[in-house]
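Novice: Shown below is the structure under consideration.
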Amino acid sequence: MNQKEQKWLVLLYSLTECKGGDQRSVILQHINDCGYWYKNDQNDILRRTRNEMAWRNDFSFERQHLVEYGYMKSNGQGRWEVTDKGKAILTHLIEKTMHQTAETETCYTAAFFQKLIKNQSVTEMKEDQVLITQLCQINRKDKRKDVMLVNEPQSKGTASSKSANGHIYLRSPAVAQRALNRAGNVCEAAPTHESFLRRDGVTLYMEPHHLIPMALTDFFGVNLDREQNIFSLCSNCHNQIHYGAKEDVRRLVRKLFSMREYEICSILGRKIGLEELYRIYDAY
């Protein structure tokens, strides 16, 4: 998917989120406020001059093409609206996004990609439960915490299955167990949080949490099932980071990310910031 198609995708999707259309300034502000496009300035303000931020002008230019193809309505009053034909091409672009290769240079953000695959969150939680069940069954004789970790990107590997929203990648119970061992089997968000003993009568029950969601594997194009990306959390903190109030989710994400920022950015092969993480967790 080239950059032109990515602009079409973001613009058409934003129009549908704005009930099919609105004033140009409203649509562009929506894209900016939602953090959908890497090219926009985080300190951007709306300007109606030649000095307006370049990304806004780029989207305005692409809007002209969308009108020519019948994907948007021609309206001289500053209102941007999607057509039925535009909704159809949007469906096609979303499907194309789900199956693009890792080599595709993306200008839309991880938060936007996460929004597209939001229906896969149910699958994410099911996969988490499968992983937790597997951890209860595997042999825990290996308590090593000093496994040598390589802070470099790794191939994302082969998907376990394929859904309408893209590929699904399994979590390895062995990797998750090493991550829990590395944390000393305590809650990394709040080490004083109490838990209970597993059936082995020795190890505290903790749950593995992938800070960068596994659903974003195709977006980043690297393996996210790594010890560097997996945190040991008690049941309360694990549920809170998924379902808690936004301020609590931000607090947990901020604390965990600050503990491993270098490692996480290293295995991604690129920088990622707190603002992007907040948007991924829908806690901005």
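Numbered per this note's numbering, the sequence shown spans residues 21 to 304.
Yeah, the Cβ is synthetic: ideal placement off N, Cα and C, and Gly gets one too.
These figures come from a predicted structure and were not determined experimentally.
1. Beta strand (DSSP E) containing W100: first to last residue?
2. Tell me which residue opens and which closes the beta strand (DSSP E) that D42 is part of.
3. L155 and Q197 look like a contact to me (Cβ under 8 Å); what is the Cβ gap, rounded to whole Å?
4. Answer yes if the region 281-289 comes into contact with the region 253-263, meaning at least three C-beta pairs across the two stretches below 8 Å, and no otherwise.
5. For L48 and R76, I'd like the C-alpha separation in whole angstroms.
6. What does a CB cutoff of less than 7 Å around W28 pick up in its chain, not counting 5 residues either side in sequence?
7. Just to check my reading of the structure: V206 and L224 have Cβ atoms closer than 8 Å, yes? What is that Cβ distance to the nearest angstrom?
8. List, from N- to C-terminal side, the beta strand (DSSP E) runs of 3 residues or more that fit wholly inside the region 179-217.
9. Would you call N95 buried or exposed, if buried means 16 or more other Cβ atoms sit within 10 Å of its Cβ?
10. Can you tell me which of S252, Q23 and L297 puts its alpha carbon nearest to the alpha carbon of I152?
11. If you drop the 5 nearest sequence neighbours on each side, which residues of the same chain put their C-beta closer than 7 Å to that of T103?
12. Which residue comes first and which comes last in the beta strand (DSSP E) that contains I300?
13. Taking Cβ positions, are G289 and P211 nearer each other than 9 Å?
14. Just how far apart, CA to CA, sit L236 and H50?
15. Quick one, are the C-beta atoms of A303 and K275 less than 9 Å apart?
16. Tell me which same chain residues have a C-beta within less than 8 Å of the C-beta of G177, skipping the five on either side of it?
17. Please state whether DSSP places L253 in a helix, a strand or coil.
18. According to DSSP, simplified to helix, strand and coil, what is E115?
19. Between R99, N249, G293 and R219, which lies nearest to K39 when the distance is taken from Cα to Cα?
Specialist: So, to answer that:
1. On the sequence shown, position 80 is the one that residue 100 refers to. Per DSSP, W100 is one residue of the beta strand (DSSP E) stretching across R99 to E101.
2. Within the sequence shown, residue 42 is the residue found at index 22, counting from 1. Per DSSP, D42 belongs to the beta strand (DSSP E) from G41 to Q43.
3. Within the sequence shown, numbered from 1, the residue matching residue 155 stands at position 135. Within the sequence shown, numbered from 1, the residue matching residue 197 stands at position 177. About 6 Å separates the two Cβ atoms, so the contact holds.
4. Judged by Cβ distances under 8 Å, the region 253-263 makes no contact with the region 281-289, as fewer than three pairs qualify.
5. Residue numbering aside, residue 48 sits at position 28 when the sequence shown is read from its first letter. Residue numbering aside, residue 76 sits at position 56 when the sequence shown is read from its first letter. In a straight line, the C-alpha of L48 is about 7 Å away from that of R76.
6. Position 8 of the sequence shown holds residue 28. Only residues of its own chain outside the window of five on either side were considered, and among them E82, L86 and L113 have a CB closer than 7 Å to the CB of W28, listed in chain order.
7. For this step, residue 206 is matched to residue 186 along the sequence shown. For this step, residue 224 is matched to residue 204 along the sequence shown. So it is a contact: roughly 7 Å between Cβ atoms.
8. The qualifying runs are 181-183 and 186-188.
9. Residue numbering aside, residue 95 sits at position 75 when the sequence shown is read from its first letter. By the 10 Å Cβ count, N95 comes out exposed.
10. Residue numbering aside, residue 152 sits at position 132 when the sequence shown is read from its first letter. Comparing Cα-Cα distances from I152 to each of S252, Q23 and L297, the minimum goes to S252.
11. Taking the sequence shown and counting its residues from 1, the one referred to as residue 103 is at position 83. Excluding the 5 residues flanking it on each side, T103 has same chain C-beta neighbours closer than 7 Å at G90, Y91, M92 and K93, in chain order.
12. Here residue 300 refers to the residue found at position 280 when the sequence shown is read from its first residue. From DSSP, I300 is part of no beta strand (DSSP E) but of the alpha helix (DSSP H) over L294 to I300.
13. As a working mapping, residue 289 is identified with position 269 in the sequence shown. As a working mapping, residue 211 is identified with position 191 in the sequence shown. Cβ distance not < 9 Å, so G289 and P211 don't count as in contact.
14. Position 216 of the sequence shown holds residue 236. Position 30 of the sequence shown holds residue 50. Cα atoms of L236 and H50: separation of roughly 23 Å, rounded to the nearest angstrom.
15. In the sequence shown, the residue the question calls residue 303 occupies position 283. In the sequence shown, the residue the question calls residue 275 occupies position 255. Taking 9 Å as the Cβ cut-off, A303 and K275 do not qualify as a contacting pair.
16. Locating residue 177 in the sequence shown gives position 157, where the first residue counts as 1. Excluding sequence neighbours, G177 sits near Y189 and N243.
17. Position 233 of the sequence shown holds residue 253. Residue state, collapsed to three classes: strand.
18. As a working note, residue 115 is residue 95 in the sequence shown. Secondary structure of E115 (DSSP, three-state): helix.
19. In the sequence shown, residue 39 corresponds to position 19, counting from 1. The candidate whose alpha carbon is nearest that of K39 is R99.
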